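J.: What follows is a single structure, and I will ask about it in a moment.
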Amino acid sequence: MQYELGVNKYGQIEKLGDIRRKTWMKTSVVKLVTILIIGILLGRVNLLLNQSDSRGIAPMGIAYLMALATKENKRNILIAAIGIAVGYLTINSMLTDGYAYLITVALITIYYAFIAANKTRKKELVGFLIILSSFFVYGIGVNKYELGVDIILCLLQTLVVMPIYYIIKYALNSFEEINTNYFFSSEEIVSIGIFLCLLISGIGSVNFINYSIRNIFALTLVFTIAYVGGAAYGAMIGVLMGIMIGVASNNMMYSVAFFSVGGLTVGIFKDTGKIFSILSGIIIYFALALYSNVVTLKLGIEVLASCFLFLCIPKPVYKSIEVEINPQKKKTYFGEVQLNAIKEEFTFKLKGLTSVLSSVAKCLGDTNDNENLLIKSKGTALVENLADRSCSNCENKPLCWERDFHQTFNSFQMLIKSYEEGCLAIPIDLEKKCVKNFTLLRSTEGVVNNYNVSETIKERLAEGKNVLSTHISNITTTLEILLNDFKKEVNIDTELERVIKRVLNKNSIYYNNVFCYIDKNGRVKIRISMNNYDGAEYYEKRIVSLLCNGMKLSLCIEEEGCNIDIKTNERIITIEEKPRYHMVSYGAIESKDGEFQTGDNYSFGRTTNGNYITILSDGMGSGPEAGEESKATVDLVEKLMEAGFDEDITVNTVNSIMGMRFAEDEKYATLDLNKVNLYDGEAIFVKIGAAPSFIKRGSDVKYVNSKNLPLGLVDEVDVEIIKDTLKPGDILINVSDGVLDISKLNNEKVSWLEEYLRNVNADPRELSEKILERAKELSKGNLNDDMTVVVSKVYLDS
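The following block contains the structure:
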């Protein structure tokens, strides 16, 4: 088995190695093709030195080859050299010294690929000397230049290559930092922009149906960068693109104006969206056409083609570019990456816990095979035990258990069976030869009784294990549901963070840090940390009011939203969107006659996620024991709801815990839960074995009820959720069954309380007391059960 296991593992490792090799080969081929294409494009960039000359220089390819050579990869150098040579050949007729460039590329390739030393400075110096000497020898030997003229021209070629080499090298190094946590400087972004403009300029005069492909791609790039980076980046890329294409086409002023205007306009209107941004660009070019003879129909079609390509670029591409050029976006992006990594780590740990709980539940629930064997050999075990008790000291033992073993064994089985059937009698053949009949009968009674007691205990233990296994499985399921919701809790909002910092700085409010996020309900949460503390009243009046005006949003400090970080001694203020409603509740309670402690418990209050909950639980029976069970139910539900669990998870978790807690004494508790969203008034009612509730709106009273068994009676609760929408002035009334079950006025359709509520109006405290007093009157002072009334009223927040 171990050998086979090793072979399987080896096969898996080999298969994984094949996958990695294939992936590496695909990546390598794509990289080499990219290097080749870049070499061709940069080799085709032709710079005209003056407007009257139709021939120019092409230093970009040589500069790219030197910049790539610093990476010390011979294969990349050779591929780049091939691409650059192809590029030079395609524009050879447009260059003054076309073949000199090919010679220079060949010499640089030979040097960097096969001869170059390790020191970068020395390699750069030798590279520039190769360029200088190549053009010098070519000028003297081929072009027959005079010595002075040749020296000036070869120095000019070399001096032009040097800054371009450093710019391209800077850009290539910057490209390596993409998709990392590195923040680009302005100079690095400009160098990348120049590099991209050079690539597009290398397309040259290639046309499609007489329309310039270079102009279409150039304008598409300008629009994209402007839309992502705004007006500043749009103007920057427009100017760079105009310079590069202008130098190649001998019309720089027009090119700079044309591209920079488009980039600036689209960047200004970027916040209006892609369509409106591009429409603004089209309008500005239409305006230029009216005031200039340069803008033609051909150019207009090229602009429309660029707009079409711009609109076809998928959103993830814009997002990836924005992350790279915008430091705030990149900071947010990597903050989210780190947050997700922490979530993944937490999820991994919690999954380990759920796995352990699942194993425990399975272990408890599995039937032991040995126990099954013992059940099958029950008769054998009883016979052996009976023989040990009755026959161990008998003088006839050899006769019975050696010579007549099978007959004696069968007779003992018949004896035990007769006792189990209620008519104890010794078999005839055993009665004839056994000399201890009376002892045998008494031993049979003792053995069978002891065995039955033992079996009963084992059955109870097995039943307890099954109950425990079921409830642990339910808790495991709850944790797994929690894990699924955990990853989508919050989204960081850096734009809002900037607005808040601007407001605080403008009003000279000193802070240490500001953190803004949108919670899973889509509401704004703001955390501000500062050293000074002037009281919650100051924060409410000063900071919250300023943020409300600056953000045009109604805000408030969260419940218990002013805390101190013990480690840093900072004051942390949590601000949230102000709820539309608030609620006030009051409870009235009366114990059963003869009891000093009620079996009911309740709780109410606002949660941190903007909800208001009321909880009422009635323990089965009355007195301290029932009170303990209902209190445990209320506490658990309150903690779980405060932690953000939904109703289904909360109820089933509490049901599992209470099922284990109540298993010994068979005691149960009801649950009456209301949850009201204070932002939109949506109310959720959950009733587990609880009495009906009522919603009073003016003189109208609505009846809310659900049929469910109390907590702990079933393994899993099928939670029925009743929803309604509340309005300001609505009153919720929750009662225990002791309040309703006291009057003959109750029937299946209507209760005395429903009729009573139609004709009474009061605040929550007064109404709860009135209901309790009326219940006492109807019961004529005989309280056969605990009575609890919880009244809550909805108010519009000012």
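The opening residue of the sequence shown carries number 0 in numbering that gives the first Met the number 0; numbering runs sequentially from there. Heads up, the beta-carbon is just placed ideally off N, CA and C, and yes, glycines get one too. The structure displayed is predicted, hence computed values, not measured ones.
Is ILE588 closer than 8 Å to SER528 when the C-beta atoms are compared?
T.: Here residue 528 is taken as the residue at index 529 of the sequence shown, counted from 1. Here residue 588 is taken as the residue at index 589 of the sequence shown, counted from 1. The answer is no: Cβ separation not under 8 Å.
J.: Give the secondary structure of ASN600 by DSSP, where H, G and I count as helix, E and B as strand, and everything else as coil.
T.: In the sequence shown, the residue the question calls residue 600 occupies position 601. Strand.
J.: Please confirm whether LYS500 and GLU575 have their CB atoms less than 8 Å apart.
T.: Taking the first residue of the sequence shown as position 1, residue 500 is located at position 501. Taking the first residue of the sequence shown as position 1, residue 575 is located at position 576. For LYS500 and GLU575, no; Cβs fall outside 8 Å.
J.: May I ask you to list the residues that DSSP assigns as paired with THR573?
T.: Translated into the one-based positions of the sequence shown, residue 573 becomes position 574. In the DSSP output, where bridge partners are listed per residue, THR573 has ARG526.
J.: State the start and end residues of the unbroken alpha helix (DSSP H) segment that holds ILE324.
T.: For this step, residue 324 is matched to residue 325 along the sequence shown. Segment 314 to 324, the alpha helix (DSSP H) holding ILE324.
J.: Starting from ARG501, follow its DSSP beta bridges and name the residues at the other end.
T.: What you label residue 501 is simply residue 502 of the sequence shown in a count that begins at 1. The partner list for ARG501 (beta bridge, DSSP) is empty, contrary to what the question assumes.
J.: Could you give the distance in angstroms between the alpha-carbon of SER132 and the alpha-carbon of VAL104?
T.: Locating residue 132 in the sequence shown gives position 133, counting from the first residue. Locating residue 104 in the sequence shown gives position 105, counting from the first residue. Roughly 13 Å between the two C-alpha positions.
J.: Mapping the DSSP letters down to three states, classify MET161 as helix, strand or coil.
T.: In the sequence shown, counting from the first residue as 1, residue 161 sits at position 162. In the structure shown, MET161 sits in a helix (DSSP, three-state: H, G or I).
J.: Looking at ASN45 and ALA231, is the spacing between their C-beta atoms short of 8 Å?
T.: Translated into the one-based positions of the sequence shown, residue 231 becomes position 232. Translated into the one-based positions of the sequence shown, residue 45 becomes position 46. No, they are not a contact pair.
J.: Please report the straight-line C-alpha distance between LEU195 and GLY609, rounded to a whole angstrom.
T.: Your numbering for residue 195 matches position 196 in the sequence shown. Your numbering for residue 609 matches position 610 in the sequence shown. If I take the Cα positions, the gap works out to 50 Å.
J.: Check the DSSP bridge columns for TYR290 and list the partner residues they point to.
T.: Stepping through the sequence shown from its first residue, residue 290 is reached at position 291. DSSP lists no partner for TYR290.
J.: First and last residue of the alpha helix (DSSP H) that includes SER254?
T.: Walking along the sequence shown from the start, residue 254 turns up at place 255. That run of the alpha helix (DSSP H) goes 251 to 267.
J.: What residues match up with ALA682 in a beta bridge as DSSP calls it?
T.: Position 683 of the sequence shown, counting from 1, holds the residue named residue 682. Beta-bridge pairing links ALA682 to VAL675, ASP723.
J.: Classify VAL29 as buried or exposed, calling it buried when 16 or more other Cβ atoms lie within 10 Å of its own Cβ.
T.: As a working note, residue 29 is residue 30 in the sequence shown. By the neighbour-count rule (16 or more Cβ atoms within 10 Å), VAL29 is not buried but exposed.
J.: Sorted by chain position, which residues of the same chain lie with C-beta nearer than 6 Å to MET65's C-beta, five sequence neighbours on each side aside?
T.: In the sequence shown, the residue the question calls residue 65 occupies position 66. Excluding sequence neighbours, MET65 sits near GLY126, TYR164.
J.: If you draw a straight line from the C-alpha of GLY86 to the C-alpha of LEU77, how long is it?
T.: Sequence index remark: in the sequence shown, residue 86 carries index 87 (1-based). Sequence index remark: in the sequence shown, residue 77 carries index 78 (1-based). Their backbone Cα atoms lie some 14 Å apart in a straight line.
J.: For ALA68, which residues of its own chain have a beta-carbon under 6 Å away from its beta-carbon, when the five flanking residues on both sides are left out?
T.: In the sequence shown, counting from the first residue as 1, residue 68 sits at position 69. These residues qualify, in order along the chain: ILE76, TYR111.
J.: In terms of residue numbering, what span does the beta strand (DSSP E) encompassing ASN80 cover?
T.: Working through the sequence shown from its first residue, we reach residue 80 at position 81. At residue 80 the sequence reads Ala, which differs from the Asn that was named. Not the beta strand (DSSP E): ALA80 falls in the alpha helix (DSSP H), residues 73 to 89.
J.: Among residues of its own chain, excluding the 5 on either side of THR407, which ones have a beta-carbon nearer than 8 Å to its beta-carbon?
T.: Position 408 of the sequence shown, counting from 1, holds the residue named residue 407. Counting only Cβ-Cβ distances below 8 Å, and skipping sequence neighbours, we find CYS399, TRP400, LEU429.
J.: When DSSP builds the beta bridges, which residues end up paired with PHE404?
T.: Numbered from 1 along the sequence shown, position 405 holds the residue referred to as residue 404. Looking at the DSSP assignment, PHE404 forms no beta bridge with any residue, so it has no partner.
J.: Out of curiosity, what's the CA-to-CA distance linking ILE320 and ALA225?
T.: Position 321 of the sequence shown, counting from 1, holds the residue named residue 320. Position 226 of the sequence shown, counting from 1, holds the residue named residue 225. If you take the alpha carbons of ILE320 and ALA225, they lie about 11 Å apart.
J.: Could you tell me if MET252 is buried or exposed, where buried requires 16 or more neighbouring beta carbons within 10 angstroms of its beta carbon?
T.: Looking up residue 252 in the sequence shown gives position 253. That one is exposed.
J.: Quick one: what does DSSP say THR613 is sitting in, helix, strand or coil?
T.: Within the sequence shown, numbered from 1, the residue matching residue 613 stands at position 614. THR613 falls in the strand class under three-state DSSP.
J.: Tell me the rounded alpha-carbon separation between TYR510 and ILE193.
T.: Position 511 of the sequence shown, counting from 1, holds the residue named residue 510. Position 194 of the sequence shown, counting from 1, holds the residue named residue 193. Cα to Cα, TYR510 sits roughly 40 Å from ILE193.
J.: What are the residues that DSSP puts in a beta bridge with LYS885?
T.: Outside the modelled stretch of the chain, which goes from 0 to 797, sits residue 885, for which no answer is possible.
J.: As an exercise, report each continuous beta strand (DSSP E) stretch of at least 3 residues that is fully enclosed by the region 384 to 449, in chain order.
T.: Entirely contained in the region 384 to 449, not one beta strand (DSSP E) run reaches 3 residues.
J.: Give the range of the beta strand (DSSP E) segment to which VAL700 is assigned.
T.: In the sequence shown, residue 700 corresponds to position 701, counting from 1. Residues 699 to 703.
J.: Apart from the five residues just before and just after ILE242, which ones in its own chain have a Cβ nearer than 7 Å to its Cβ?
T.: Taking the first residue of the sequence shown as 1, we reach residue 242 at position 243. Hits under 7 Å: MET251, VAL255.
J.: Give the secondary structure of PHE309 by DSSP, where H, G and I count as helix, E and B as strand, and everything else as coil.
T.: Sequence index remark: in the sequence shown, residue 309 carries index 310 (1-based). Here PHE309 sits in helix by DSSP.
J.: By Cβ distance, which residues of its chain are closer than 6 Å to LEU146, with the 5 residues on each side in sequence left out?
T.: Locating residue 146 in the sequence shown gives position 147, counting from the first residue. None.
J.: Return the bridge partner residues of ASN562 from the DSSP annotation.
T.: What you label residue 562 is simply residue 563 of the sequence shown in a count that begins at 1. According to DSSP, which records beta bridges pairwise, ASN562 is partnered with ILE571.
J.: One question on the structure: do ALA57 and TYR100 come within less than 8 Å of each other, judged by their Cβ atoms?
T.: Translated into positions along the sequence shown, residue 57 becomes position 58. Translated into positions along the sequence shown, residue 100 becomes position 101. In this structure, TYR100 lies closer than 8 Å to ALA57 by Cβ.
J.: Three-state secondary structure (DSSP) at GLY97?
T.: Working through the sequence shown from its first residue, we reach residue 97 at position 98. Helix at GLY97.
J.: To which residues of the same chain is ASN654 closer than 6 Å at the C-beta, ignoring the five residues directly before and after it?
T.: On the sequence shown, residue 654 is found 655 positions in, with the first residue counted as 1. So the qualifying residues of the chain are LEU710, VAL716.
J.: Per DSSP, what are the beta-bridge partners of CYS555 in this structure?
T.: Taking the sequence shown and counting its residues from 1, the one referred to as residue 555 is at position 556. Paired residue(s): GLU575.
J.: I'd like the list of long-range same chain contacts for LEU708, defined as Cβ closer than 7 Å, with 5 residues on each side in sequence excluded.
T.: Counting from one through the sequence shown, the residue named residue 708 turns up at place 709. Hits under 7 Å: GLY688.
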